[in-house]
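Colleague:
2 protein chains.
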Amino acid sequence: MSDHPAQFTIGRLAKAADVNIDTVRFYERQGLLQPAPRTAGGYRLYGTADAQRLQFIRRAKTLGFSLEDIAELLRLTEDGHDRGKIKAIAQKRVADLESRIRELEKMRSVLAHHAGHCSGHGEVSGCPIIQALLDEPAA
Amino acid sequence: MSDHPAQFTIGRLAKAADVNIDTVRFYERQGLLQPAPRTAGGYRLYGTADAQRLQFIRRAKTLGFSLEDIAELLRLTEDGHDRGKIKAIAQKRVADLESRIRELEKMRSVLAHHAGHCSGHGEVSGCPIIQALLDEPAA
DNA sequence: TTAAAGCCTGGAGTCTACTCCAGGGTCAAT
DNA sequence: ATTGACCCTGGAGTAGACTCCAGGCTTTAA
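As given, the protein sequences belong to chains A and B, one line each in that order. Take 109 as the starting number for the first sequence in our numbering and just add one per residue. Take 109 as the starting number for the second sequence in our numbering and just add one per residue.
(1) Specify the secondary structure class of Phe-164(A) as computed by DSSP and reduced to three states.
(2) Quick one, which residues of the segment 161-192 of chain A are near chain B if we go by CB-CB under 8 Å, in chain order?
(3) How close, in whole Å, do the beta carbons of Gly-139(A) and Ala-179(A) come, if the pair is a contact with beta carbons under 8 Å?
(4) Can you check which of these residues, Leu-241(A), Asp-190(A) and His-229(A), is closest to Met-215(A) by C-alpha distance?
(5) Report the option in Ala-223(B), Leu-205(B) and His-229(B) whose CA atom is closest to the CA atom of Cys-218(A).
(6) For Ser-110(B), is the classification buried or exposed, using 16 other Cβ atoms within 10 angstroms of its Cβ as the cut-off for buried?
(7) Would the beta-carbon of Lys-195(B) fall within 8 Å of that of Gly-230(A)?
(8) Given a cut-off of 8 Å, decide if Ile-209(A) and Glu-136(B) are closer than it, judged by their beta-carbon atoms.
(9) Roughly how many angstroms lie between the CA atoms of Glu-176(A) and Arg-183(A), to the nearest whole one?
(10) Is the Cβ of Glu-255(A) closer than 8 Å to any Cβ of chain B?
(11) From Cys-235(B) to Leu-162(A), what does the alpha carbon distance come to, in whole angstroms?
(12) Can you tell me the Cβ-Cβ gap for Leu-141(B) and Thr-117(B), rounded? I've got them flagged as a contact below 8 Å.
Structure (structure tokens):
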């Protein structure tokens with residue numbers, strides 16, 4: 109039986125998840141992690157479930173969820189909720205991502221178009237990029 | 109000859125450009141707008157060139173430029189610079205947009221994949237979205 | 001003349017997600 | 001017992017781009 113510690117302090121937890129130690133305390137204050145039990149001296153003690161929860165948070169963040177979204181996901185995983193809400197949150201996030209992507213693509217194409225018409229030398233006045241910013245109707 | 113006012117106060121300028129009046133003052137503090145001349149009583153006075161400059165800022169923002177970028181673009185349009193730097197800034201911005209778009213698309217595809225495997229009903233435990241967040245290797 | 005609308009300043013507050021700090025206790029090893 | 005690594009708290013600071021406020025002038029129109 110491997111005998112890795114069932115309990116560890118905040119520093120180890122932070123290191124294992126590769127987050128700043130202050131971030132762990134911050135997540136606790138934000139309600140993303142439960143308040144940990146303490147040693148007699150006041151040190152927080154964590155277990156493997158906490159490490160898993162912290163990984164959950166990290167992964168959700170890489171998918172672009174805000175901490176508020178993540179807090180809701182975590183809440184939904186606890187009580188006896190069903191998958192409907194989870195799926196709804198995920199789909200809303202997908203939709204948000206798609207609309208943001210469309211926005212950025214529009215910016216990109218407009219700007220690339222202007223840049224493509226700029227020779228890159230000569231005086232500024234008349235530069236197509238600047239002209240576009242001066243003259244085009246406001247978006 | 110149309111006789112629209114050559115000079116106007118901050119409120120009119122803000123309204124014309126559809127920005128908050130405090131935003132105009134903020135841009136002045138940030139150096140994006142020149143300090144306006146004042147009336148005897150201390151009111152800022154603006155002309156059409158200022159309105160154009162404010163539009164420039166708004167349009168650049170819709171293309172995703174930061175205020176810092178915009179400040180630089182404005183500086184470059186003033187002195188006798190050439191188009192090289194302008195084009196370089198625009199191209200860097202295009203590259204930034206592209207990398208951001210790729211990031212978001214990756215998030216979108218991963219999340220859409222998980223959501224596509226979630227039935228949307230039944231208990232949370234076993235939901236593919238949650239499972240993915242719990243089990244997948246950290247990104 | 002007087003009231004309303006508009007403007008002034010300096011500074012604080014908002015949002016997100018941390019990150020850092022000082023001053024001081026705790027824990028493990030020597 | 002002492003050292004050094006580790007942890008505690010409360011609070012402040014960061015970035016970006018505003019936005020709002022109080023208290024108090026100025027301008028304009030009736």
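Even for Gly, the Cβ is constructed at its ideal location relative to N, Cα and C.
Modeller: Taking the coordinates as given:
(1) It is helical.
(2) Result list: Gln-163, Phe-164, Arg-166, Arg-167, Ala-168, Thr-170, Leu-171, Gly-172, Leu-181, Leu-184, Thr-185, Gly-188, His-189, Asp-190, Arg-191 and Gly-192.
(3) Gly-139(A) to Ala-179(A), Cβ: 6 Å. Contact.
(4) Checked all of Leu-241(A), Asp-190(A) and His-229(A); the closest Cα to Met-215(A) is Leu-241(A).
(5) In the sequence under discussion, the amino acid at residue 218(A) is Val, which differs from the Cys named in the question. When the alpha-carbon of Val-218(A) is set against those of Ala-223(B), Leu-205(B) and His-229(B), the nearest one is in Leu-205(B).
(6) Low local confidence applies: a pLDDT of 45 at Ser-110(B) is under 50, so the model's placement there is unreliable, with the coordinate-based value given in what follows. The residue in question, Ser-110(B), is exposed, as its Cβ has fewer than 16 Cβ neighbours within 10 Å.
(7) Against a cut-off of 8 Å, the Cβ pair of Gly-230(A) and Lys-195(B) comes out as no contact.
(8) Against a cut-off of 8 Å, the Cβ pair of Ile-209(A) and Glu-136(B) comes out as no contact.
(9) The alpha-carbon atoms of Glu-176(A) and Arg-183(A) are separated by roughly 11 Å.
(10) For residue 255(A) there is no data in the structure shown, the boundaries of chain A being 109 and 247.
(11) In a straight line, the C-alpha of Cys-235(B) is about 19 Å away from that of Leu-162(A).
(12) No, Leu-141(B) and Thr-117(B) are not in contact; Cβ-Cβ is about 14 Å, not under 8 Å.
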